[in-house]
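One structure is given here, and the rest of the page talks about it.
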Amino acid sequence: MKFFGKITGKEENLSLEHRLFLTTIFVGIVVSLLATFVSLLISSHFTAIIIALSSALLLGIVYYFVKIRGNYKAFVAPIILLSFTGVSLVWIVDGGINGSNLLIAFVILVLGLIIVPNKNKKYVISLFITLVIVIYLIQRYRPDLITDFSSETARWTDSIITAIYSSLFLFFIIRFVHGSYNEERKRAKDNELKFKALSENSQDSIARYDRQYRHTYINKAGLEQRGLSMDQLIGKTYRETVMTDEEQARYYEEDLESVFVTKQPKNGQYSLEGPNGRAFYDCRLFPEFNSENEVDSVLAVSRDITDLKQSEFELKELNTDKDRFISILGHDLKNPLYTLLGISELFAENLQNYETAEIEDVLKEINKTTRITIELLEDILKWTKAQSGKIPFKPQKLAFTDIYENIIEILGPNTLAKNIKVNRLASDALCLVADRDMLLTTMRNLLSNAIKFTKSGGEIKISAEESPDFVSVSISDNGIGIAPRDLDKLFKISEVHTTKGTAEEKGTGLGLLLCKEFVEKHGGEISVESELGKGSTFVFTISKSIAENPDT
């Protein structure tokens, strides 16, 4: 068997079809040499000897190209045709119906049927039958063309030897085919077991489809993704099971058909309604070939990319929001700068014409415009640092009373100017764990807004309550309130919203965005309730888990 293995090539290097062809060619060489020996032994016609030797030489050349150069498919049809033709010629010059060449023809027929693909076997048997009919017709109507044996002994010798070596060769070739078949079947079974072992432990969905797009296999991950059982999928198409979206079903089937036709892998993305809602998948389709290099089935490996899709969507939305945000900021910065430019040009051209009082008014306007611009730039800088994580986060235990007194000290003049009363509704003993600077910034912004939108003589309430998981802080006013259409804009980067206060106070519109960033940094949320003409209440929470994980 080792010698036979060297002749047919190593299994790991060559396909079964390739090795069968090499075996057939080798058998043909040996048969041709034996036929030459028998022809010499029985003193056959010189033409029969030349044909046998030529066949051995031609098959030897073919064997070299197939064994060394690796290409065998191009030789299959020519070799079968030449073999049948050679046998037909030997039939005529070596006894015709009285000889044993028909037995050799049957050997060639068996070898031919073994090595050609299934779709071509009908041509081989048709060619054989045609040649048999032709040579029998020649024997029947032109017996004078047939060269008979020199003696009865030669005919018997030819028949016996040909029968023996033909039978032996058929035995060995069929044994080889049977052994190779068993080996291939065992290998295929081992590969299938390995495939299933890998597949069932894969987190990706792995499914196999036949030519009608029906499931013939699906792994555990695939069943979990679809929320179906094996019985609900095997033997059915996606259209019959989970893919109710007609467009998605058609798109998927078109991709499967493309792999069957082109024999090339294909990538695609699909979405399906699963047990947890609509999910998105990145799918790779791979052709699976049979022994005739035709695509028998398609293997689909699908990875859940729902989280990635969601991240892409959020990133796209964030980029769009930031583009809008930059556009709005550009507009807000441009206006005060244009104001300053206009004032400075008027000053440069008409300074000698201004009275002292007029100059004082202009300088106040410049100061006011400059201050607004600086505040906007400072808020932009703070917000940018918060976005990039450059503002250090240092939570510590803080007394709420201290925070309250700090912001009242800063904003007290504002409340006095508008005669607004501020009440604190919180326990003196209430403490919370938070970053001091962030908490102060948040409460200053919210209180500043409350003062801005509260009319003279109004009231603001600052309260704080403690729950098992959060400390909740609220700032309420009885001011002008916020229109319902504007509520959703308050904490959106794409909708920087500014409104003049009751005393024409101006803001940058970034304060609430900073509040949202800082509150979320503390594991909390910020919200607002408001009614036009009755006031607004802003509420934010600070998670107590910050105290347990201060480095978060």
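Under our numbering, the first residue of the sequence shown is numbered 1273, with each subsequent residue one higher.
Note that the Cβ used here is the ideal one computed from N, Cα and C, for glycine as well.
I'd like to check one pair, F1532 with V1570: are the Cβ atoms closer than 8 Å?
yes
If you check the beta carbons only, do N1678 and G1729 fall under 8 Å apart?
no
On the criterion of 16 or more Cβ atoms from any shown chain inside 10 Å, does R1480 qualify as buried, or is it exposed?
buried
If you reduce the DSSP assignment to three classes, tell me which class H1794 lands in.
coil
Can you grab the Cα-Cα spacing for the pair Y1510 / Q1497, in whole Å?
13 Å
In terms of residues, what are the limits of the beta strand (DSSP E) holding R1412?
Run containing R1412: none in the beta strand (DSSP E); it sits in the alpha helix (DSSP H), N1390 to Y1413.
Near S1802, what residues of its chain come up, given a Cβ to Cβ distance below 6 Å and the 5 sequence neighbours on each side ignored?
G1753, I1754 and S1808
Neighbour-count burial assignment, P1837, 16 or more Cβ in a 10 Å radius
This structure cannot settle anything about residue 1837, because the visible part of the chain is limited to 1273 through 1824.
Beta strand (DSSP E) runs contained entirely in the stretch 1485-1520, provided each spans 3 or more residues
1487-1490
Meets three-Cβ-pair contact criterion under 8 Å: the stretch 1535-1543 and the stretch 1552-1571:
yes
Beta-carbon within less than 7 Å of E1737's beta-carbon, same chain only, minus the 5 sequence neighbours each way: which residues are those?
S1744
Taking A1328 as the reference, give the member of T1296, L1292 and G1451 with the closest Cα.
T1296
Within 10 Å of its beta-carbon, does Y1489 have 16 or more other beta-carbons around it, so buried, or fewer, so exposed?
buried
Contact between the stretch 1384-1398 and the stretch 1410-1426 is defined here as three or more beta-carbon pairs at a separation below 8 Å; is this criterion met?
no
Is it true that the CB of G1499 sits closer than 8 Å to the CB of R1486?
no
What does the Cβ neighbour count give for G1549, buried or exposed, with the cut at 16 atoms within 10 Å?
exposed
Could you pull out every residue in the same chain whose Cβ sits closer than 8 Å to the Cβ of A1442, ignoring the five residues on either side in sequence?
First, the residue type needs correcting, since residue 1442 is Leu and not Ala in the sequence shown. Excluding positions up to five away in sequence, the list reads V1379 and V1382.
By DSSP's criteria, E1801 is part of a beta bridge. Which residues make up the other side?
T1809
Grab me the residues of I1615's own chain with a C-beta within less than 7 Å of its C-beta, minus the 5 sequence neighbours each way, in chain order.
V1634, E1637 and I1638
For R1575 and E1566, I'd like the C-alpha separation in whole angstroms.
27 Å
With three or more C-beta pairs closer than 8 Å as the rule, is the stretch 1405-1421 touching the stretch 1322-1339?
no
Identified DSSP bridge partners for D1554:
Q1541 and R1575
Which class does E1681 belong to by DSSP, given the choice of helix, strand or coil?
helix
Can you grab the Cα-Cα spacing for the pair D1841 / N1625, in whole Å?
With the chain running from 1273 to 1824 in the structure shown, residue 1841 is simply not present.
Backbone CA spacing between L1312 and F1356 [nearest angstrom]
21 Å
Between D1823 and H1794, what straight-line distance do the alpha-carbon atoms span, to the nearest angstrom?
Any reading at D1823 needs caution, since the residue's pLDDT is 49, under 50, leaving its predicted position unreliable; the model's value is listed next. D1823 and H1794: Cα-Cα distance of roughly 11 Å.
Span of the alpha helix (DSSP H) holding N1695?
First-last for N1695: K1693 to L1697, but that is the beta strand (DSSP E), not the alpha helix (DSSP H).
Would you check if the stretch 1433-1450 and the stretch 1395-1406 touch, i.e. whether three or more CB-CB distances between them fall below 8 Å?
no
For L1704: DSSP bridge partner residues:
L1670
Quick one: grab the DSSP three-state call for Y1336.
helix
First through last residue of the beta strand (DSSP E) which encompasses A1736:
E1731 to E1738
Please report the distance separating the alpha-carbon of T1687 from that of V1694.
8 Å
Mind reading off the beta-carbon distance from L1718 to I1747? Whole number of angstroms is fine, and I expect it under 8 Å.
5 Å
Assigned exposure category for P1667 - 16 Cβ within 10 Å defines buried
buried
Report yes if the CB atom of N1370 is closer than 8 Å to the CB atom of R1412, and no otherwise.
no
CB-CB length for L1704 against F1665, believed under 8 Å
Between F1665 and L1704 the Cβ distance is about 15 Å, and since that is not below 8 Å, they are no contact.
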